[in-house]
Each structure stands twice: as C-alpha cells, then as structure tokens.
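I have placed the structure first, in the form of structure tokens, so that the comments after it can refer back to it.
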C-alpha cells in the first residue's frame, strides 16, 4: 500500500483519488477551497455536460492538443464507460441534443456529490482549506509536500490543480509552478473555449442576437483552417456561443492579426439556391422596401448590417435593386466577415490551453518521466478539446489512468 496525495478536488482529482483508493492505497486529497468541485459547479451553466456520446475514435477527433497522447487513456476509460461509472454511482444521466450527457436533475452539484461518495466509500481522506505550497524532490524522487498546515510524507503525489481559467474557482496556476520546480517544461498558456473580441463596433447593435445553424469558417490569411457548424451569439464585446468557443481554441495558437472569421448565414443553401430564393422573394415583395423583403430570410436585427455591407439602402424598393446589388447581397449573406481583435480574458475562458508538456509524461500512467512518483492529470496538462463534454472526459480519463496505475 502506498500513501498517495491528490492535489486538487476537481474532476480529475476526485476520479484519481477513488481509483487509487480502490487499488488499496491510503489516499488523501488536499483542496485549498472549502469544498470539492468548485469548477464542476459552474460547467454547462450549472448543469454540467458530463461527457459526449461517441466512440473513442470520434472523441479523439475532437481533441485539439495532443490527441495521440490521450489514445490509451481514452480507450481505457471512454465516454460510455464514464456514463456507466456515474450511473453505477447513482447519478442518472440524460442524452440531449448534440450528443451531450447531463444529469437528469440538471444540477452540476450532483456530479460532484457522486464523485465524493465514490471517494468516501473507498476510504479517501479530504483536507479542505489546506493549500499545497511545495512538492519536495530529492534525487529525482518525491521527498515530501508542504501545505499551509505543515509537511507530510507521501509515496506518490498526483497534481490535479486545473489551469488558469475561472481563477475564482481556485484555478490559479499552482500546478504549473509545481511542474516547473520538478524540471518540467510548460507549453505556453492561452485562453481556450472563450468569446472573441471583434474589431469595429457593428456588433453592439447586434448584442443578444442568437443564431442557429450557421457556419463559421476560420481563415489564417487566405488559408482555411477549419469550419464550425451550429449556434453562436453576438455580445457586447463581439461573439460567443458554442461554435465560437470551439473556434477560439484553434485561433489562440495563431497570429490573430492574420485571422479572419467568415460566417455563412445560410449554409444549407448553395449560392445558386440562395439566388433563386432571393429572386422569388423579390417577386413577392417587388413593391416593398428591401428591408421588409429580407425579414423572410434574415433576423431583423441583422438586416441593417447586411444591407450596409451590400451597399444597399434599407428603404430602396425591391423592384429597383439591380442584379449587381442582388449578387452583392448574396455574397454578404454567404460571407459575413468578422475580424478578431483579441481573445476574452482567462477569467471568462472555460479552459486553459497549454500546460505541462506531455512529452515528459507517461501516457499510460500520467506519471512524470522526470520524477518518480509524481503524476499530472486533467487541465494542468497540455491537453484540450472542443465544447461538448470532451474536456471533462479528458479529466476523467487521465484521472482514471493515474489512479489505476498507482499499485504496489
């Protein structure tokens, strides 16, 4: 039996603690907050998107950073096994639109409670309001850990401290300092799954406008990086919403000065089909203003900006619109340009991209290749994915890998 310290009582830490204890170890969880899972409580707007209904192969396609590293962990503890784990623990889950799993209760607190119950039933000890200050290392081996309450001796230490996102939940980068002191490289940290500040001010008039079934194309210069389909939202600073959040985790590694985002408001229609639609509407509303005509095609809040970009006056009668103007309108609807000014701050980012370099971590066990007995799990690692429960699954899978690896 080993004495195991888990630093951080979040998603990765609680799973690692349970499986380490289940393997017969003496496990203690140190949490600087007054309770477990403070970040879990705010995920999914308080409902917690636990995981995604997909195969391991499909899951890895949605991992942005280092999917190859995650392969073994995700196959060992895939989404469906994760769902069964929670169901066996008494947490009923439901599958919603977009293949996303949520608690039937719609309460993120029930996810934390389920994980805590697993840990307590396995004999895990919790030390709340106790911050770990230092991990002692001697001759490439753990020696002790120092907290605000004293110094302890452990055989294994698992760092599950999260990243820098939502610092109010306790994610203040402690794990990166532990890793650096152990000699680990830290891949540059960036905001992930966050809103985008836009250049210009047109978006202010669109604040609160939610769009469904649109396509966002991310361009780096003239090169298409990736397409995203789904929902987005105009805000007081620019844009947000599911597909924007996912796009942010792609562009945060690129030069924002070269980034251009193009929105297709009618991705289900080809240019030819949209032109036929416009011609039909023009015939029906030929004696009306172009503004009123477009109410059938676009959200009212967006019409003024689309017409402005198409260089058509809103009061212009439909029967006066030229072919060139109609084609300009078509181009604007299919290619609504937005220029990114910056990413939103870490305080609003759902995850942190970057972190402990996975080249220095054993992918099967999450153990450091530099320091014997030291492990890293979850967001502290250079691992991240798109929205949809993928990032929580990364925490669960890496926690499972570490917890199960700690055996005599």
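Residue numbers (the working numbering): 1 to 408.
Positions of the beta carbon are idealized from the N, C-alpha and C atoms, including for glycine.
Who pairs with residue 103 in a beta bridge, going by DSSP?
Within the chain shown, the letter at position 103 stands for residue 103. Paired residues: 93.
Under 8 Å by Cβ, that's how I've got residue 91 and residue 111 pegged, so tell me the actual separation to the nearest angstrom.
The sequence position of residue 91 within the chain shown is 91, counting from 1. The sequence position of residue 111 within the chain shown is 111, counting from 1. Sure, about 7 Å apart at Cβ, within 8 Å.
Measure the Cβ-Cβ separation of residue 373 and residue 156 and say whether it is below 7 Å.
By 1-based counting over the chain shown, the position of residue 373 is 373. By 1-based counting over the chain shown, the position of residue 156 is 156. Yes, the Cβ-Cβ distance between residue 373 and residue 156 is below 7 Å.
Pop quiz: residue 195 and residue 230 are said to be a contact at Cβ under 8 Å. What is the actual Cβ separation, rounded to whole angstroms?
As a first step, residue 195 is located in the chain shown; it is residue number 195 there, counting from the start. As a first step, residue 230 is located in the chain shown; it is residue number 230 there, counting from the start. Residue 195 to residue 230, Cβ: 15 Å. No contact.
Tell me residue 326's beta-bridge partners as DSSP assigns them.
The residue given as residue 326 occupies position 326 in the chain shown. By DSSP's assignment, residue 326 forms no beta bridge with any residue.
Close beta carbons around residue 258, own chain, < 8 Å, minus the five adjacent residues each side:
Start at 1 with the first residue of the chain shown, and residue 258 comes out as number 258. If we look at residue 258 and ignore the five residues flanking it on each side, its Cβ neighbours are 220, 221.
Where residue 317 sits in the DSSP three-state scheme:
Reading the chain shown from its first residue, position 317 is the one you call residue 317. The answer is strand: DSSP assigns residue 317 an E or B state.
Please state whether the Cβ-Cβ distance between residue 234 and residue 207 is less than 7 Å.
What you label residue 234 is simply residue 234 of the chain shown in a count that begins at 1. What you label residue 207 is simply residue 207 of the chain shown in a count that begins at 1. Yes.
Report the rounded CA-to-CA distance for residue 56 versus residue 282, giving the unit in angstroms.
As a working mapping, residue 56 is identified with position 56 in the chain shown. As a working mapping, residue 282 is identified with position 282 in the chain shown. Their Cα atoms are separated by approximately 49 Å.
Within the chosen definition, does the segment 114–125 reach the segment 9–21 through at least 3 CB pairs nearer than 8 Å?
When Cβ pairs closer than 8 Å are counted between the two stretches, the segment 114–125 is seen to touch the segment 9–21, the count reaching three or more.
For the segment 161–171 and the segment 35–49, state whether three or more C-beta atom pairs, one from each stretch, are separated by less than 8 Å.
Using a C-beta cut-off of 8 Å, the segment 161–171 makes contact with the segment 35–49, since at least three inter-stretch Cβ pairs fall below that distance.
Using the C-alpha atoms, what's the distance from residue 189 back to residue 376?
Mapped onto the chain shown, residue 376 falls at position 376. Mapped onto the chain shown, residue 189 falls at position 189. In this structure, the CA atom of residue 376 is about 16 Å from the CA atom of residue 189.
Which term fits residue 379, buried or exposed, when burial requires 16 or more other beta carbons within 10 angstroms of its beta carbon?
The residue you call residue 379 lines up with position 379 of the chain shown. Residue 379 comes out buried.
What residues are listed by DSSP as bridge partners for residue 132?
Locating residue 132 in the chain shown gives position 132, where the first residue counts as 1. Per DSSP, 147.
Distance, residue 135 Cα to residue 144 Cα
Taking the first residue of the chain shown as position 1, residue 144 is located at position 144. Taking the first residue of the chain shown as position 1, residue 135 is located at position 135. Taking the straight line from one Cα to the other gives about 6 Å.
Close Cβ partners of residue 86 (< 7 Å) along its chain, the five nearest in sequence each way excluded:
Within the chain shown, numbered from 1, the residue matching residue 86 stands at position 86. Excluding positions up to five away in sequence, the list reads 50, 93, 114.
Nearest-angstrom Cα separation, counted from residue 401 out to residue 253:
Against the chain shown, residue 253 aligns to sequence position 253. Against the chain shown, residue 401 aligns to sequence position 401. C-alpha of residue 253 to C-alpha of residue 401: approximately 28 Å in a straight line.
What distance in whole Å lies between the Cβ atoms of residue 325 and residue 312, which are believed to be in contact at a cut-off of 8 Å?
By 1-based counting over the chain shown, the position of residue 312 is 312. By 1-based counting over the chain shown, the position of residue 325 is 325. Contact between residue 312 and residue 325 holds: CB atoms are separated by about 5 Å, below the 8 Å threshold.
Sub-7 Å separation of residue 361 and residue 159 beta-carbons
The count along the chain shown starts at 1 and reaches residue 361 at position 361. The count along the chain shown starts at 1 and reaches residue 159 at position 159. Cβ atoms of residue 361 and residue 159: not closer than 7 Å.
How many whole angstroms separate the CB atoms of residue 251 and residue 214, which I take to be in contact at a CB cut-off of 8 Å?
Against the chain shown, residue 251 aligns to sequence position 251. Against the chain shown, residue 214 aligns to sequence position 214. Residue 214 and residue 251 do not touch by the CB rule: their CB atoms are close to 17 Å apart, not below 8 Å.
Can you list, in chain order, the residues of its chain whose CB lies under 8 Å from that of residue 232, leaving out five sequence neighbours each side?
Numbered from its first residue, the chain shown carries residue 232 at position 232. Excluding sequence neighbours, residue 232 sits near 210, 211, 214, 216, 239, 240, 241, 242, 243, 244, 263.
Distance, Cα to Cα, residue 387 vs residue 288?
Reading the chain shown from its first residue, position 387 is the one you call residue 387. Reading the chain shown from its first residue, position 288 is the one you call residue 288. When rounded, the distance between both Cα atoms is 43 Å.
Excluding the 5 residues flanking residue 21 on each side, which residues of the same chain have their C-beta closer than 6 Å to its C-beta?
For the purposes of this step, residue 21 is identified with residue 21 of the chain shown, where counting begins at 1. Cβ neighbours of residue 21 beyond the five flanking positions: 27, 122, 123, 124.
Neighbour-count burial assignment, residue 31, 16 or more Cβ in a 10 Å radius:
Taking the first residue of the chain shown as position 1, residue 31 is located at position 31. Around the Cβ of residue 31, a 10 Å sphere holds 16 or more other Cβ atoms; the residue is buried.
Considering only heavy atoms of the ligand PLP, does any lie closer than 6 Å to the CB of residue 359?
Absence of the ligand PLP is noted for the structure shown, with no ligands found whatsoever.
For residue 77 versus residue 363, is the C-beta distance shorter than 7 Å?
As a working mapping, residue 77 is identified with position 77 in the chain shown. As a working mapping, residue 363 is identified with position 363 in the chain shown. Taking the C-beta atoms as reference points, residue 363 is found no nearer than 7 Å to residue 77.
Taking the beta carbon of residue 182 as the centre, do at least 16 other beta carbons fall within 10 Å, making it buried, or is it exposed?
Counted from its first residue, the chain shown places residue 182 at position 182. Result: buried.
Please look up how many angstroms separate the CB atoms of residue 269 and residue 277, rounded, as I've assumed it's under 8 Å.
What you label residue 269 is simply residue 269 of the chain shown in a count that begins at 1. What you label residue 277 is simply residue 277 of the chain shown in a count that begins at 1. Taking C-beta atoms under 8 Å as the contact rule, residue 269 and residue 277 qualify, at a distance of about 7 Å.
What is the DSSP secondary structure of residue 277, reduced to helix, strand or coil?
By one-based count along the chain shown, residue 277 stands at place 277. Note: residue 277 maps to helix in three-state DSSP.
Residue range of the beta strand (DSSP E) that residue 230 falls in?
As a working mapping, residue 230 is identified with position 230 in the chain shown. Here the beta strand (DSSP E) through residue 230 covers 223–234.
Does residue 364 come out as helix, strand or coil in the three-state DSSP assignment?
Counting from one through the chain shown, the residue named residue 364 turns up at place 364. Coil at residue 364, not helix or strand.
Tell me the DSSP secondary structure of residue 57 in three-state form.
Here residue 57 refers to the residue found at position 57 when the chain shown is read from its first residue. Reduced to three states, the DSSP call for residue 57 is helix.
The beta strand (DSSP E) spanning residue 306 covers which residue range?
In the chain shown, counting from the first residue as 1, residue 306 sits at position 306. Bounds of any beta strand (DSSP E) do not take in residue 306; it lies within the alpha helix (DSSP H) bounded by 300–310.
Spell out the partners DSSP gives residue 176 in its beta bridges.
For the purposes of this step, residue 176 is taken as residue 176 along the chain shown, with counting starting at 1. Residue 176 pairs with nothing; no bridge assigned.
Alpha-carbon to alpha-carbon, residue 187 and residue 356
The sequence position of residue 356 within the chain shown is 356, counting from 1. The sequence position of residue 187 within the chain shown is 187, counting from 1. Straight across, the Cα-Cα distance linking residue 356 with residue 187 is about 6 Å.
Is residue 197 helix, strand or coil when you go by DSSP?
Locating residue 197 in the chain shown gives position 197, counting from the first residue. DSSP places residue 197 in strand when its eight states are reduced to three.
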